[in-house]
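**Student:** If you scroll down you'll find the structure; I have some questions about it.
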Amino acid sequence: MASRSGPKLIPLAIAIVLAVTPAPGLAQSGALDKARDAFIEGRYDDARKILTPLAEKKTDTDAKLLLAQVESETGEYARARLLVGRALARMKAAPTGAAVELRGQLEERAGEYDNAQASYAKAAEIEPARLSANVRRGQLLLSLGRLDEGKRVLDELVDALAEEYNAGRLDSDADKLFWLAIGLWRTEYYDDANDCLEETTKLAPRSIEAWNVWGELFLEKYNQADASFAFESALKVNPNSTRALVGLARVRLESGNDHQAVQEYLDRALAVNPNLPEAILIKARLHIDDEDYETAVATLKLALEINPNHLDVIALLGTAHYLADDTKRYEAARRRAFKLNPRFGGFYTTVSELAVRVHRYP
C-alpha cells in the first residue's frame with residue numbers, strides 16, 4: 088500500500104447508502120443461523136418467517152436485530168426501528184455496538200443526520216463496532232460538507248489499519264480490509280481502495296456489501312464494465328440485493344442510456360423495497376430525460392417522504408424545477424440543499440449536466 092503522506096482533496100458530494108450487514112455475535116445454531124443465511128441470500132420472506140416468533144420473545148435481542156435488518160432491506164423502516172428500540176431497551180445500560188450502529192443506520196436512512204452521528208459515535212466506543220461505526224460516521228460527515236471532521240475520523244482509522252496492512256497482519260481479515268477499503272475510497276486513495284476490495288472479495292466471496300462497494304467505486308471512476316461485473320457478482324450471492332440492482336440501473340443509464348434496461352432493474356429493486364429512495368431517484372431521472380418534469384417532481388416527492396434530507400434527491404428536484412423554468416421552486420430546493428451541506432457542489436453539477444442534455448448551455 089502506498090504511503091499516505093501529503094494532502095488529499097475530499098469529495099464534495101458523497102452518496103449516503105445504508106449498508107445493512109448481519110449483526111456480529113449471532114448465535115451459531117439452529118434457527119438464527121438459518122435466518123442469517125436466508126438474509127444474506129436475499130430470501131427475506133424465509134428469514135422473516137423464522138425470526139418473527141423468536142423476536143417476540145423479550146430476551147432474544149439477536150433475533151430482533153436480524154429481523155430489523157430484514158425489515159430495513161425490504162423498506163419497512165418504521166418496523167425496523169421499533170425492533171431495534173426494543174432490543175436496546177432490553178440491553179439497558181450495556182448495549183452492543185451492533186445495535187447502536189444499526190440504530191444510526193436507520194436514523195441516517197430517515198435523514199436524521201444529527202441523531203445518526205451521535206449513534207455512530209456511541210457505537211464506535213463499543214468493540215467490535217469501532218471500525219464500521221467510525222467509517223459510517225466519517226462518510227456521513229463528509230457528505231454533509233463537514234470535511235475537516237470527516238477526514239479526521241477517517242484518516243485516524245485508515246492510518247492505523249494501513250500500518251497493520253503493511254505489516255501483513257490483515258492478509259486473512261476480510262472485515263478489516265473491507266472497512267479499510269471504504270476509508271481509503273472516501274479519502275480518495277482509489278488504487279489502494281481497489282486493491283483492498285479485490286482482496287476482500289477473494290477472502291469473502293459471499294460478501295455482497297464488498298461487491299456492491301467495489302461496484303460503486305468503479306462507477307465513481309467511470310468504469311462501467313468493472314462496475315457491472317461487481318454488481319453482477321453481488322447478485323450471484325443475493326439476487327434480491329437492491330443496492331446491486333440500483334447499481335446496475337446506474338451502469339445502464341451512464342453507459343448507454345438504455346431506459347428499458349434501467350427500468351427493468353428498478354422494477355426488480357422496487358419489488359423488493361418499494362421505499363428505496365435511490366431507486367425512486369433514478370425513476371425520476373428517467374422522467375426528466377423524457378422532459379416530463381411534472382411527473383419527475385411528483386416522483387421525487389415520494390422519495391422525500393422517506394428521507395426529507397436526501398441531498399441527491401433534493402438536487403434532482405431542483406433540476407426538474409430549473410428545467411421547467413420554475414425559478415421560485417428551484418431556488419427553494421437550492422437553499423434546502425445548501426442548508427444541509429454548504430459545500431454541496433453536486434447540486435450544481437446535477438443541474439448543469441442535465442441542462443446540457445436539453446441544450447441549455449448557459
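Numbering (our numbering), first residue to last: 88 to 449. All C-beta atoms, glycine included, are put in the ideal place defined by N, C-alpha and C. Quantities reported herein were computed from a predicted structural model and do not represent experimental measurements.
On the criterion of 16 or more Cβ atoms from any shown chain inside 10 Å, does Ala-297 qualify as buried, or is it exposed?
**Tutor:** That one is buried.
**Student:** If I measure Cβ to Cβ from Gly-302 and keep anything under 6 Å in the same chain, skipping five residues before and after, which residues do I get?
**Tutor:** Only Ala-314, Ala-317, Phe-318 and Gly-334 meet the Cβ criterion.
**Student:** Use the C-beta contact count for His-66: other C-beta atoms within 10 angstroms, 16 or more gives buried, fewer gives exposed.
**Tutor:** Nothing can be reported for residue 66, as the shown portion of the chain is limited to 88 through 449.
**Student:** Looking only at its chain, what residues have a beta carbon closer than 8 Å to the beta carbon of Pro-429, apart from the 5 residues adjacent to it on each side?
**Tutor:** These residues qualify, in order along the chain: Gly-232.
**Student:** With burial defined as no fewer than 16 other Cβ atoms inside 10 Å of the residue's Cβ, what is the status of Asp-235: buried or exposed?
**Tutor:** So Asp-235 ends up on the exposed side.
**Student:** Taking its Cβ as the centre, do 16 or more other Cβ atoms sit within 10 Å of Arg-422, making it buried, or is it exposed?
**Tutor:** Counting Cβ neighbours within 10 Å, Arg-422 comes out exposed, since fewer than 16 surround it.
**Student:** Do the CB positions of Asn-221 and Val-240 come within less than 7 Å of each other?
**Tutor:** Against a cut-off of 7 Å, the Cβ pair of Val-240 and Asn-221 comes out as a contact.
**Student:** Report the three-state DSSP secondary structure of Lys-121 (helix, strand or coil).
**Tutor:** The answer is helix: DSSP assigns Lys-121 an H, G or I state.
**Student:** So, with DSSP's three-state summary, where would you put Gly-237?
**Tutor:** Gly-237 falls in the helix class under three-state DSSP.
**Student:** Could you tell me if Glu-341 is buried or exposed, where buried requires 16 or more neighbouring beta carbons within 10 angstroms of its beta carbon?
**Tutor:** Answer is exposed; the Cβ neighbour count stays below 16.
**Student:** Just checking, does the region 372–384 make contact with the region 167–182 on the three C-beta pairs under 8 Å criterion?
**Tutor:** Contact fails: fewer than three Cβ-Cβ distances are below 8 Å.
**Student:** State the DSSP-derived secondary structure class of Thr-146, mapped to helix, strand or coil.
**Tutor:** If DSSP states are grouped into helix, strand and coil, Thr-146 belongs with coil.
**Student:** On the three-state DSSP scale, how would you describe Leu-231?
**Tutor:** Leu-231 falls in the coil class under three-state DSSP.
**Student:** Buried or exposed: where does Thr-274 fall if 16 or more other Cβ atoms within 10 Å of its Cβ makes it buried?
**Tutor:** By the neighbour-count rule (16 or more Cβ atoms within 10 Å), Thr-274 is buried.
**Student:** Where do the ends of the alpha helix (DSSP H) carrying Arg-355 lie?
**Tutor:** Its alpha helix (DSSP H) spans residues 346–359.
**Student:** Could you say which of Val-324, Ala-247, Ala-197 and Ala-134 lies nearest to Leu-119 if we only look at CA atoms?
**Tutor:** The option with the nearest alpha carbon to Leu-119 is Ala-134.
**Student:** Would you kindly work out how many angstroms separate the C-alpha atoms of Ala-331 and Leu-322, rounded to a whole number?
**Tutor:** Those two C-alpha atoms are separated by around 7 Å.
**Student:** Do Leu-403 and Leu-387 have their beta-carbon atoms positioned less than 7 Å apart in this structure?
**Tutor:** In this structure, Leu-403 lies closer than 7 Å to Leu-387 by Cβ.
**Student:** Would you kindly report the start and end of the unbroken alpha helix (DSSP H) that includes Gly-184?
**Tutor:** Unbroken alpha helix (DSSP H) run through Gly-184: 184–196.
**Student:** Would you call Tyr-352 buried or exposed, if buried means 16 or more other Cβ atoms sit within 10 Å of its Cβ?
**Tutor:** The residue is buried, with at least 16 neighbouring Cβ atoms inside 10 Å.
**Student:** Would you kindly check if the distance between the Cβ of Ala-280 and the Cβ of Ala-261 is under 7 Å?
**Tutor:** No, they are not a contact pair.
**Student:** How many whole angstroms separate the CB atoms of Ala-203 and Glu-194, which I take to be in contact at a CB cut-off of 8 Å?
**Tutor:** Sure, about 4 Å apart at Cβ, within 8 Å.
**Student:** What's the call for Thr-414, buried or exposed, on a 16-neighbour Cβ count within 10 Å?
**Tutor:** It is exposed - the Cβ of Thr-414 has fewer than 16 other Cβ atoms within 10 Å.
**Student:** Which residues in the same chain as Tyr-380 place their Cβ atom closer than 7 Å to its Cβ, once the five residues preceding and following it in sequence are excluded?
**Tutor:** So the qualifying residues of the chain are Ala-407, Leu-410 and Ala-411.
**Student:** Restricting to Cα atoms, I'd like to know which of Thr-382, Leu-154 and Asp-345 is closest to Thr-139.
**Tutor:** Closest option to Thr-139, Cα to Cα, is Leu-154.
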